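Count the sequence shown with my numbering and you get residues 523 to 1446, in order. Heads up: the structure comes next, in structure tokens.
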Amino acid sequence: MTDPFGTEALRTSVLAAWRGSPTRFREDANAEEDLRLGGYRDRLLVELAQNAADAAGSSPGVLRITLVDGELRAANTGAPLTAAGVAALASLRASSKESGVGQFGVGFAAVLAVSDAPRVVSVSGGVEFSLSRTQAEVPDLASERGGDVPVLRLVWPVVEAVPEGFTTEVRLPLKVDLSLDDLAAEVPDLLLALPGLRRVEIGTQSWERSVSDDGVVTVGPARWLVERTVGELPSELVQGVEHRPQWTVSWAYPLDSALGEDVLHAPTPTDERLSLPARLIATLPVEPSRRRILPGPAAWSVLDAAAAAYPALVARVPAIERTSLVPLPGFPLSEVDDRLRTGVLRSLRASAWLPLASGEWIEPSRARVLDVGSEELVDLVEDALPGLLDAELSAPVHAAALAALEVPRVTTSEVVAALSGVSGDPGWWRDVYAAFSPLAEVDPGVREALAALPVPLADGRVVTGPRTTLIADSPLPGLRVVHPDAVHPLLVRLGAVEAGAAELLADPSLRENVARSLEDAEAGLDGLDLVETVLRLVDLAGVRAGEESWLGALALPDSDGEWHRADELLLPDSALVGVVEADAFPLLSKEIAETYPRAALVAAGVVDGFSLVVDDEPSGPDHDLADESAWWSSVVDEPRRVVGVRDLDLVADWPAALRLLAADPMTWRAVTEPDGYTGWWIARYASLGGAAPRSYRLAGASLLDGLFDVVPDFGLPEHVLRAAGVRSSLEILDDDDAEFVLERLGDADRVVADAVVLRAYAGLPEGDFSPPERVRVLSGAVVAADDVVVLDHPWLLGVVPASRVLLADGSEELADLLDLALASEEFSGLPDHVGEVVQWRDLGAVRMACELLEVALPDGVVVVHDELLVDGARVEWWMVDGVPHAADSPEGLGRALAWVSGRWVDRHTFVALISDPSAATLLG
523 MTDPFGTEAL RTSVLAAWRG SPTRFREDAN AEEDLRLGGY RDRLLVELAQ NAADAAGSSP
583 GVLRITLVDG ELRAANTGAP LTAAGVAALA SLRASSKESG VGQFGVGFAA VLAVSDAPRV
643 VSVSGGVEFS LSRTQAEVPD LASERGGDVP VLRLVWPVVE AVPEGFTTEV RLPLKVDLSL
703 DDLAAEVPDL LLALPGLRRV EIGTQSWERS VSDDGVVTVG PARWLVERTV GELPSELVQG
763 VEHRPQWTVS WAYPLDSALG EDVLHAPTPT DERLSLPARL IATLPVEPSR RRILPGPAAW
823 SVLDAAAAAY PALVARVPAI ERTSLVPLPG FPLSEVDDRL RTGVLRSLRA SAWLPLASGE
883 WIEPSRARVL DVGSEELVDL VEDALPGLLD AELSAPVHAA ALAALEVPRV TTSEVVAALS
943 GVSGDPGWWR DVYAAFSPLA EVDPGVREAL AALPVPLADG RVVTGPRTTL IADSPLPGLR
1003 VVHPDAVHPL LVRLGAVEAG AAELLADPSL RENVARSLED AEAGLDGLDL VETVLRLVDL
1063 AGVRAGEESW LGALALPDSD GEWHRADELL LPDSALVGVV EADAFPLLSK EIAETYPRAA
1123 LVAAGVVDGF SLVVDDEPSG PDHDLADESA WWSSVVDEPR RVVGVRDLDL VADWPAALRL
1183 LAADPMTWRA VTEPDGYTGW WIARYASLGG AAPRSYRLAG ASLLDGLFDV VPDFGLPEHV
1243 LRAAGVRSSL EILDDDDAEF VLERLGDADR VVADAVVLRA YAGLPEGDFS PPERVRVLSG
1303 AVVAADDVVV LDHPWLLGVV PASRVLLADG SEELADLLDL ALASEEFSGL PDHVGEVVQW
1363 RDLGAVRMAC ELLEVALPDG VVVVHDELLV DGARVEWWMV DGVPHAADSP EGLGRALAWV
1423 SGRWVDRHTF VALISDPSAA TLLG
């Protein structure tokens, strides 16, 4: 038998080594056992396919697996078996593979899992390994290990034919049951990983591997997008049993279904678990078992190259699908997985592969994406937001991938902020609103952010926020009216007001413009546009005078061209011309007066007649009415409503003013309002003939004669005079009025009847008015108040001089009001003589007088004196400790009887009846 591969020399060398060193035998046996039981178990088809791919060289080959007479046979095309290959098979450690080309290496040990006598036959010759033949060569050594010997160290030549069309076939007599179906399940992955194979046949089944022009690899029904790159390791990094200076990296992305959890292929499957969306197939330094990569610089270099190549794979996927290739956050499945994920993400962030809205590509590190967006919106705002990604990437399905790439999401608020510096035309802004509209319909957060959206106005300005804008049929100067070309329903949704005249008048910006209009006019700014706007709106809205008090601040020109507040100007033909002081109101410009409706001017505050202030919920005297605080404090209860006529302090002709006030129902109602401001002010401060109306009385009010003068004839009807404060009766209304009346009572030049004086002092209200300096006394004189007393006990009148007694029905309260002493505090005394104590019932005249008046006869006694003297002064009656003393006279007894009976007002009747106790006296 020929021995083309020199197997006899190989056997001789190995046997010599074993016999010379049993330790070497044990080492070889242990090494093969490790490979058989450890690293290469369950890798039979993988290693057969790898060897077939290596043999194929540059032209992809075919692998056929069959079961023939209890043998598993693996036939392949490509390079035939060589002497180097045989040496490699018999070495356990060495490999004939160089630069990825060759046949067999230590991986061939995988066949021992199914066979004890593997054969390799080729067109160049064949070899056989055998457990039994090896045991026979070294029986003693085999015996020491119980028959366990290294099968793949001793090789024998064999001559067998190779199937037609193939160059080499591995033949494995099976020592275990093996199903071709189990092997078939591994074929698709192997064909993908091994570009050196184009076809695999197992039994009656076959699989083809094809590559399209665009790099799509089809294996059976599955399609993979494959990106391949090659390189060479620096010499200092080459290491391991299988050293390969050249490396290849292929990324394979399944086009028909997600990859799921996978393992690293080097190039056949390892145990390195990966969680990437694409499969990595790379020639990496691996451990002898081929289950794990060999850690170190060489492996890391290839993995880094793989990470750098990943963006090229991603870039071949349709733009909208590319994010599906981004590794998502999660725990790495292995050290290799961690390194790859980190490297891939780094490469993806630095490579331009994400689609911009413009159609160009950008690196994730420079990109940003709308948090909520649409294609229309992105197209509109991409210039304001450089690096903005295509709108489709705003969808939630892309969010996790973009977050892993650290692509910032641009919120609606940030979009709005970016738009604040954009100077688009109104039509462009309308398109922006249209793009935002569907988003705002469903997302309250978007609506909130859009509150700061820029809005172009009809006057060319751009303002922030729709809420402050108005939508009107025509632009009006000074108002924040949205430009007609920019109007969109979204603006209304966000707070813009679809405004008629009333709504336009309510616009805060218009009110602000009106408030500062005088200041602007005085600074030289043209205010006529604002005048036009405001007065047109006032007319259209039908505003009535006094309804919108803020309009009074509108700056208007006077007849000399000077600017004033509207409420400081008088219409040129107003009825008030000549009624108010000449310099009270400048006259409104005649041109303005003729240009705008009179009602609009008056509603804006221009004075035509007397104007009103109406406040249904007043909080204090803050209505800019003359002397309002004094009126406010004069009323007993705080006013619940204020209705006041303005500018009363500017009237020059009060009779004419009163006629005007009476002619207008609104102002007349204010004049006649009970306890109202207007009537109060007119009564005190109006001037009729140089005096206040309250200083006069009506001609028919004769009971006030002397105290008040008759009002002169001003041609005013009595009801007007009465409403103006001219007195018809002695009614003292408040502290101020009380001081006025007391001043009149203290005027010695006035002749005032005692009855009027009595009523005046009696009519003083409780209050806090200043006490008078001079008062009227019983003698009829007007004297200083210092020495005057208030008669609090009538019997004291007999000892107090009339010049010191106030001409009033005295009381302690009156003394307090006028700050006067009581008579009882200044005068006292006892009768000078002892009188006769008499029972009232024993006095016949007294008894008859009581009967005639139907008054009960008092119990008790009265002390009767022939002449009653108190401290030398003769008096008619006196009281001492509640006991009456009386002179023996009708005057004395009558007054004492009236006092003790509680009928003091009937004292004069008692006196008359005691003098003549008859019915004629009572009736006459």
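Where is the CB? At the ideal position from N, CA and C, for every residue including glycine. Computed from a predicted model, the values in this text were never measured in an experiment.
Using a Cβ-Cβ cutoff of less than 7 Å, which residues in the same chain neighbour residue i once the five nearest sequence positions on both sides are dropped?
i: S543; result: none
i: L1379; result: W1362, R1363, R1369 and C1372
i: L755; result: P767, W769, A820 and S823
Apart from the five residues on each side of it in sequence, which residues of its chain come closer than 6 Å, Cβ to Cβ, to residue i?
i: L1312; result: Here residue 1312 is Val; the residue named in the question, Leu, does not match the sequence. Closer than 6 Å at Cβ, skipping near neighbours: L1328, G1332, L1336, A1337, L1342 and L1344.
i: G1285; result: L1252 and I1254
i: A974; result: V938, T986 and G987
i: W1317; result: W1399, W1400 and M1401
i: V1124; result: A1067 and D1130
i: S652; result: A639
i: V929; result: P886, A889 and V891
Between residue i and residue j, is the Cβ-Cβ spacing less than 9 Å?
i: E794; j: D711; result: no
i: L878; j: D901; result: no
i: G1416; j: S1437; result: yes
i: L714; j: W746; result: yes
i: L1110; j: L1059; result: no
i: D1257; j: F1236; result: no
i: E686; j: R595; result: no
i: H1005; j: P997; result: yes
i: R952; j: D905; result: no
i: V1320; j: V1297; result: Per the sequence shown, residue 1320 should be read as Gly rather than Val. Taking 9 Å as the Cβ cut-off, G1320 and V1297 do not qualify as a contacting pair.
i: Y775; j: A804; result: no
i: A1077; j: S1039; result: yes
i: A830; j: L806; result: no
i: E749; j: Y832; result: yes
i: V722; j: V738; result: no
i: A1088; j: G1142; result: no
i: R1219; j: F1230; result: yes
Measuring alpha carbon to alpha carbon, tell me which residue in the options is nearest residue i.
i: E843; options: R1266, S916, L719 and D1144; result: S916
i: S580; options: A939, W729, L961 and P717; result: P717
i: P602; options: G1212, R565 and V649; result: V649
i: A605; options: M1370, V964, E530 and A597; result: E530
i: P743; options: G1351, L899 and S779; result: S779
i: F1107; options: W1153, L927, R1168 and D1144; result: R1168
i: E936; options: S823, W883 and P908; result: P908
i: R1396; options: H1355, R1181 and D1138; result: H1355
i: R1015; options: L972, D1138, A1075 and A921; result: L972
i: E1025; options: L941, E1070 and F527; result: E1070
Is residue i buried or exposed, if buried means 16 or more other CB atoms sit within 10 Å of its CB?
i: S1459; result: The structure shown does not extend to residue 1459, since the chain is modelled only from 523 through 1446, so no value can be given for it.
i: S1224; result: exposed
i: L696; result: exposed
i: Q572; result: buried
i: S654; result: exposed
i: V836; result: buried
i: R983; result: exposed
i: W1426; result: exposed
i: S618; result: Since pLDDT at S618 reaches only 43, below the 50 mark, its modelled position is unreliable, and no value is offered.
i: E1240; result: exposed
i: D550; result: buried
i: W1072; result: exposed
i: A1037; result: exposed
By DSSP's criteria, residue i is part of a beta bridge. Which residues make up the other side?
i: W746; result: V739 and P776
i: H1387; result: A1409
i: A571; result: The partner list for A571 (beta bridge, DSSP) is empty, contrary to what the question assumes.
i: Q768; result: E754
i: D826; result: DSSP, once it has assigned bridges, lists no residue as partnering D826.
Excluding five sequence neighbours on each side, which residues of the same chain lie with their C-beta closer than 8 Å to the C-beta of residue i?
i: T656; result: A664, V671, P672, V673, R675 and L676
i: E554; result: L614, A631, L634, P672, V673, L674 and R675
i: V1360; result: V1383, V1384, V1385 and V1386
For the ligand PLP, is there any heavy atom lying closer than 8 Å to the beta carbon of residue i?
i: A925; result: In the structure on display, the ligand PLP does not appear, and there are no ligands present to speak of.
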